[in-house]
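Here the structure is laid out as structure tokens; the discussion comes afterwards.
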Amino acid sequence: MSFLKEIQRRRTFGIISHPDAGKTTLTEKLLLFGGAIQEAGAVKSNKIKKGATSDFMEIERQRGISVATSVLAFEYDGVKINILDTPGHKDFAEDTFRTLTAVDSVIVVIDVAKGVEEQTEKLVEVCRMRHIPMIVFINKMDREGKDAFDLLDEVEQKLGLSVTPLSFPIGMGYDFKGIYNIWEKNINLFSGDSRKDIEETIEISDLDSPELTKLIGEKSAKTLREEIELVEGIYPPFDKDAYLNGQLQPVFFGSALNNFGVRELLDCFVEIAPKPRPKQSEERLVKPEEDKFSGFVFKIHANMDPNHRDRLAFVKIVSGTFERNKPYLHVRHGKKLKFSSPNAFFAEKKEIVDISYPGDIVGLHDTGNFKIGDTLTEGEVINYKGVPSFSPEHFRYINNADPLKSKQLFKGIDQLMDEGVAQLFTLELNGRKVIGTVGALQYEVIQYRLEHEYGAKCTYENLNVYKACWVDPKDSKTEEYKDFIRVKQRFLAKDKQNQLVFLADSHFSLEMTQQKYPSLKFHFTSEF
Ligand code: G4P
1 MSFLKEIQRR RTFGIISHPD AGKTTLTEKL LLFGGAIQEA GAVKSNKIKK GATSDFMEIE
61 RQRGISVATS VLAFEYDGVK INILDTPGHK DFAEDTFRTL TAVDSVIVVI DVAKGVEEQT
121 EKLVEVCRMR HIPMIVFINK MDREGKDAFD LLDEVEQKLG LSVTPLSFPI GMGYDFKGIY
181 NIWEKNINLF SGDSRKDIEE TIEISDLDSP ELTKLIGEKS AKTLREEIEL VEGIYPPFDK
241 DAYLNGQLQP VFFGSALNNF GVRELLDCFV EIAPKPRPKQ SEERLVKPEE DKFSGFVFKI
301 HANMDPNHRD RLAFVKIVSG TFERNKPYLH VRHGKKLKFS SPNAFFAEKK EIVDISYPGD
361 IVGLHDTGNF KIGDTLTEGE VINYKGVPSF SPEHFRYINN ADPLKSKQLF KGIDQLMDEG
421 VAQLFTLELN GRKVIGTVGA LQYEVIQYRL EHEYGAKCTY ENLNVYKACW VDPKDSKTEE
481 YKDFIRVKQR FLAKDKQNQL VFLADSHFSL EMTQQKYPSL KFHFTSEF
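Quick note: the sequence shown, position 490, residue 490 per full-length UniProt numbering, numbers continuous.
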């Protein structure tokens, strides 16, 4: 197959949701359709079970599973589909944010009873800011939930989206009869037996036909006709360009568990979802069709075997082909590296591959060369943008608990930070090290891994910080900036890239500081 055809047939996306909405179940059903797995239950949930916060075995289990499900690839209808895993647990939100820099589109799963939840809001906001095309899947229609129109309103208001339903439920919960597929103009009736349903798609070109009444009964048919009329009156018709630009989000209804509405979602996805998209680098816009390879690291996973301390760096291919044993430029280090065993990912396994295409993810074995955001090219110096750090939510001093192992401790901290487990800040005043994380869970992960992988021991000490703000002075020669540096010295630190960070101890003090130094800008992300 030609290079261009390979690009055109790729769809790389992520499924985002609040935990429990049905992401794992939907992923599994998609893989079943692709014939990539034979039975349900094959995809392990990467969820951290409730109450497992201090359970190290659970953390390790989670790490093991998440490498297995980091990328799930399968073929459907001649299309190569790459699903990138996005942890739903809020303590791993940063992981998900970074993965979103590597997807070309997303599917948002919402629980029909719970509606829009907190984690969905945060993740969708990131996608919206990046104009990532989104399809919404309202799940668990077999349960009693919110009214479809109310839910569509909620999605528009809470998520700031502009939706148009491409399918519509006939009843719900106990009364759930099936789905009218606006996109394909047919009806799927629910009988509880999923396989049968798929064969029982009934074409309905005209909703007024008496056949509809025969199928679902007079009352339901009347309601459906009214509802579809309302849908057509309220919502704009589907427009593929608007979807691709992130201005319009099609909505599907279904039940992942019962495999209902999933085939419709997949068929539409394959048809409308974008092929690999061009990506902006600091230097220029890079197109997938370019013949020279380039890609970037969006995730690093430590090996499960503590004796080997080798890691897997996940690289999204942006342009050209990635070939085994060919030397590529590690732009940040300015040196060429060759990879003898790049991994490609399939449904449940990874395999060494000779060649990969734009949209694909390759896993490269690494002994500490990579950090998140690194770019690889065939020789050109380009740096991909868009893997920013966000202000952590928790801050603690990290202390060395075994003075004989300080070298191991620093190496361990350094590598864990490159993996993106947490962020390190060094105080300007006294050089003390502060670890910032999104969730409290990471402190235990760090402590555990430092001990088991690096033989180092650490303790933590609380530190009262509200937010880390990256300081943008505009002009570092002004008296105002110098005054800020002098007065706020106690609250200043450097991040790992040596960027200046203001550790504000409260919302109030941040506001006061902003007022006092109006020419300085304070950012909650490291890229501005
Ligand atoms: P997540 O990855 O988004 O966290 O959700 P996951 O797929 O694990 O689904 C969460 C729970 O919701 C699971 O039940 C799952 O079986 C159920 N579920 C998913 N889709 C549907 C659906 O369409 N209808 C109904 N009624 N339930 C659905 P659980 O009891 O928490 O887990 P399990 O023990 O069944 O695996």
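Where a beta carbon is used, it is the ideal one built from N, C-alpha and C, also for glycine.
| query | Who are F425's beta bridge partners in DSSP? | reply | Residue mapping note: residue 425 aligns to position 425 of the sequence shown, counting from 1. DSSP, once it has assigned bridges, lists V434 as partnering F425.
| query | By a C-beta neighbour count over all protein chains shown, 10 Å radius and 16 as the cutoff for buried, is D197 buried or exposed? | reply | Position 197 of the sequence shown, counting from 1, holds the residue named residue 197. Bear in mind that a pLDDT of 45 at D197, under 50, signals an unreliable position, so the model cannot answer this.
| task | For R10, name the three-state secondary structure that DSSP assigns. | result | Numbered from its first residue, the sequence shown carries residue 10 at position 10. Reduced to three states, the DSSP call for R10 is strand.
| query | Nearest to Q497 by CA position, among S389, L520, E479, I485, is which residue? | reply | Working through the sequence shown from its first residue, we reach residue 497 at position 497. Among S389, L520, E479, I485, the Cα nearest to that of Q497 is on S389.
| Expected contact under 8 Å - CB spacing of K488 and T459 to nearest Å | Counting from one through the sequence shown, the residue named residue 488 turns up at place 488. Counting from one through the sequence shown, the residue named residue 459 turns up at place 459. Rounded, the Cβ-Cβ distance is 27 Å, inconsistent with contact.
| message | Taking 7 Å as the cut-off, is the C-beta of A113 nearer than that to any heavy atom in the ligand G4P? | response | Reading the sequence shown from its first residue, position 113 is the one you call residue 113. No, the Cβ of A113 stays beyond 7 Å of every heavy atom of the ligand G4P.
| field | Sequence-distant residues of the same chain with beta carbon closer than 8 Å to T99, five excluded per side | value | As a position in the sequence shown, residue 99 is number 99, starting the count at 1. Within the same chain, T99 has close Cβ partners G14, L84, D85, T86, F298, K299.
| A313 in three-state terms, based on DSSP | Within the sequence shown, numbered from 1, the residue matching residue 313 stands at position 313. A313: strand per DSSP, three-state reduction.
| message | Can you tell me whether I48 is buried or exposed? The criterion is at least 16 other CB atoms within 10 Å of its CB, across all chains shown. | response | By 1-based counting over the sequence shown, the position of residue 48 is 48. Model confidence at I48 stands at a pLDDT of 48, short of 50, so the residue's coordinates are unreliable and nothing is read from them.
| query | Cα separation between V438 and N186? | reply | The residue you call residue 438 lines up with position 438 of the sequence shown. The residue you call residue 186 lines up with position 186 of the sequence shown. Going by the C-alpha atoms only, they are around 45 Å apart.
| task | For L244, collect the residues of the same chain with a Cβ closer than 6 Å to its Cβ; drop the 5 residues on either side in sequence, then sort them by chain order. | result | The count along the sequence shown starts at 1 and reaches residue 244 at position 244. Closer than 6 Å at the Cβ level, and outside the excluded window around L244, lie P133, P274.
| request: Tell me, please, which residues DSSP counts as bridged to I355. | output: Within the sequence shown, residue 355 is the residue found at index 355, counting from 1. I355 pairs with E323.
| query | In the structure shown, what three-state DSSP assignment does G78 receive? | reply | Within the sequence shown, the letter at position 78 stands for residue 78. It is coil, neither helix nor strand.
| task | Determine the DSSP secondary structure at residue 544, reduced to helix, strand or coil. | result | Lying outside 1 to 528, the shown extent of the chain, residue 544 is not represented and no answer is given.
| said: Measuring only the C-alpha atoms, how far is E199 from E323? | reply: Within the sequence shown, residue 199 is the residue found at index 199, counting from 1. Within the sequence shown, residue 323 is the residue found at index 323, counting from 1. At E199 the pLDDT is 46, less than 50, meaning the model places this residue with poor confidence; the figure from the coordinates comes in the next sentence. When rounded, the distance between both Cα atoms is 42 Å.
| field | Those runs of the alpha helix (DSSP H) which lie wholly inside the region 472 to 509 and span at least 4 residues | value | Along the region 472 to 509, the alpha helix (DSSP H) occurs as fully enclosed runs of 4 or more residues at 479 to 487, listed in sequence order.
| task | At 3 residues or longer, and completely inside the region 251 to 314: list those beta strand (DSSP E) runs for me, N to C. | result | 294 to 302
| Buried/exposed call for E283, threshold 16 Cβ in 10 Å | Here residue 283 corresponds to residue number 283 of the sequence shown, with the count starting at 1. Exposed, by the Cβ-count rule.
| Under 8 Å between C-beta atoms of V434 and V471 | As a first step, residue 434 must be located in the sequence shown, where it is residue number 434. As a first step, residue 471 must be located in the sequence shown, where it is residue number 471. No, the Cβ-Cβ distance between V434 and V471 is not below 8 Å.
| Between the Cα of R11 and the Cα atoms of D310, D147, Y357, E419, which residue gives the shortest distance? | What you label residue 11 is simply residue 11 of the sequence shown in a count that begins at 1. Nearest to R11 by C-alpha distance, out of D310, D147, Y357, E419, is Y357.
| request: Report the three-state DSSP secondary structure of A242 (helix, strand or coil). | output: Here residue 242 corresponds to residue number 242 of the sequence shown, with the count starting at 1. A242: helix per DSSP, three-state reduction.
| field | N258 beta carbon near the ligand G4P (any heavy atom closer than 7 Å) | value | If you number the sequence shown from 1, residue 258 lands on position 258. For the ligand G4P, at least one heavy atom lies less than 7 Å from the Cβ of N258.
| Taking Cβ positions, are E380 and K292 nearer each other than 8 Å? | Stepping through the sequence shown from its first residue, residue 380 is reached at position 380. Stepping through the sequence shown from its first residue, residue 292 is reached at position 292. Cβ atoms of E380 and K292: closer than 8 Å.
| said: Assuming the contact rule is C-beta atoms closer than 8 Å, Y76 and L266 should be a hit. Round their C-beta distance to whole Å, please. | reply: Numbered from 1 along the sequence shown, position 76 holds the residue referred to as residue 76. Numbered from 1 along the sequence shown, position 266 holds the residue referred to as residue 266. Right, the Cβ-Cβ distance comes to about 6 Å (below 8 Å), so this counts as a contact.
| field | Residues that N188 bridges to, as DSSP identifies them | value | For the purposes of this step, residue 188 is taken as residue 188 along the sequence shown, with counting starting at 1. Paired residues: I179.
| field | Residue from L441, A440, F410 whose Cα sits closest to the Cα of T426 | value | Along the sequence shown, one-based indexing puts residue 426 at 426. Nearest C-alpha to T426 among L441, A440, F410: F410.
| By DSSP, does S167 sit in helix, in strand, or in coil? | By one-based count along the sequence shown, residue 167 stands at place 167. If DSSP states are grouped into helix, strand and coil, S167 belongs with the strands.
| query | Which residues in the same chain as V251 place their Cβ atom closer than 6 Å to its Cβ, once the five residues preceding and following it in sequence are excluded? | reply | Taking the first residue of the sequence shown as 1, we reach residue 251 at position 251. Within the same chain, and ignoring the five residues on either side of V251 in sequence, the residues whose Cβ sits closer than 6 Å to its Cβ are V136, V163, P165.
| Contact between the region 114 to 125 and the region 227 to 241: three or more CB pairs below 8 Å? | Result no; under three Cβ-Cβ pairs closer than 8 Å.
| task | Whole angstroms is fine: what's the gap from K516's alpha carbon to F484's? | result | Start at 1 with the first residue of the sequence shown, and residue 516 comes out as number 516. Start at 1 with the first residue of the sequence shown, and residue 484 comes out as number 484. Between K516 and F484, the C-alpha separation is close to 9 Å.
| Excluding sequence positions up to five away, which residues of its chain have a Cβ less than 6 Å from the Cβ of N181? | By one-based count along the sequence shown, residue 181 stands at place 181. If we look at N181 and ignore the five residues flanking it on each side, its Cβ neighbours are S167, E264.
| query | Is A102 near K146, with beta carbons less than 8 Å apart? | reply | Position 102 of the sequence shown, counted from the first residue, corresponds to residue 102. Position 146 of the sequence shown, counted from the first residue, corresponds to residue 146. The answer is no: Cβ separation not under 8 Å.
| How should H18 be labelled, buried or exposed, when 16 other C-beta atoms within 10 angstroms of its C-beta is the threshold for buried? | Residue numbering aside, residue 18 sits at position 18 when the sequence shown is read from its first letter. The residue is buried, with at least 16 neighbouring Cβ atoms inside 10 Å.
| message | Using a Cβ-Cβ cutoff of less than 6 Å, which residues in the same chain neighbour G173 once the five nearest sequence positions on both sides are dropped? | response | The residue you call residue 173 lines up with position 173 of the sequence shown. In the same chain as G173, and ignoring 5 residues on each side of it, the C-beta atoms closer than 6 Å to its own belong to R143, E144, in chain order.
| Whole-angstrom distance between T213 and Y443, CA atom to CA atom | Sequence index remark: in the sequence shown, residue 443 carries index 443 (1-based). Sequence index remark: in the sequence shown, residue 213 carries index 213 (1-based). Their backbone Cα atoms lie some 60 Å apart in a straight line.
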